[in-house]
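>
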Amino acid sequence: MNRTELVGEVSELAGLTKNQAEKGLEAFEYVVKSALRRNETVRITGFGTFKVRDRAARRGRNPQTGAPVKIKASKGIGFAAGAGLKTDLNSRTALKKPVPVAPAAVVARKVNSAPAVAPAKKAVPAKKAAPLKKAAPVKKAAPVKKAPAVKAPAKKAPAKKAPAKKAAR
3 MNRTELVGEV SELAGLTKNQ AEKGLEAFEY VVKSALRRNE TVRITGFGTF
53 KVRDRAARRG RNPQTGAPVK IKASKGIGFA AGAGLKTDLN SRTALKKPVP
103 VAPAAVVARK VNSAPAVAPA KKAVPAKKAA PLKKAAPVKK AAPVKKAPAV
153 KAPAKKAPAK KAPAKKAAR
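Residues in the sequence shown are numbered consecutively from 3, following the working numbering.
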């Protein structure tokens, strides 16, 4: 699974847009990277632990020439799977899917805001164009490649309201 597929599945399961899922993944990566840079361990209960591993300086060999090479000390990252991840990996039962929850900000915006679709304007009938006179043939210039045209999203017509019912007296 690559990054795009991961973002697509997270957005689908969590009930988010792909853009929101991408931002969430970027934020997760940033938090883990910055914690590891501070030499902290990142534990996600039930999933696993990210930990900085120090590699000592050592001597290696160039595989093409066989000559000895000095390799500098560096830091690496280790991941140890948690008990929950190991259990889920070795289990034969289906994984429990997360339940998507609508974010509170989106729900509040829907309740308190005006309709998102503007009322449609009345269509004006098009006038017929006058026939054009034929012009003398002109030499054609070399064709110029143009970028494909971007279509504007279609405007939605507002929903029709049902007539109000009269109250019984």
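Every residue gets a Cβ at the ideal spot worked out from N, C-alpha and C, and that includes glycine.
Grab the span of the beta strand (DSSP E) containing Lys74 for me, first residue to last.
From DSSP, Lys74 is part of no beta strand (DSSP E); its letter is neither H nor E.
> Taking Val101 as the reference, which of Leu8, Glu14 and Leu87 has the closest Cα?
It is Glu14 whose Cα lies nearest to the Cα of Val101.
> Identify the residues that DSSP records as bridge partners of Thr51: which are they?
Bridge partners of Thr51: Arg45 and Ala82.
> Quick check on the DSSP output: the beta strand (DSSP E) that includes Gly62 runs from which residue to which?
Run containing Gly62: Arg60 to Arg63, per the beta strand (DSSP E) assignment.
> Answer yes if the stretch 75-86 comes into contact with the stretch 48-65, meaning at least three C-beta pairs across the two stretches below 8 Å, and no otherwise.
The stretch 48-65 vs the stretch 75-86: in contact.
> Specify, as a first and last residue, the run of the alpha helix (DSSP H) that Gly26 falls within.
Where Gly26 is concerned, the enclosing alpha helix (DSSP H) stretches over Lys20 to Arg39.
> Would you list the one or two residues that DSSP bridges to Pro102?
Looking at the DSSP assignment, Pro102 forms no beta bridge with any residue, so it has no partner.
> Kindly indicate which three-state DSSP category Arg94 falls into: helix, strand or coil?
Here Arg94 sits in coil by DSSP.
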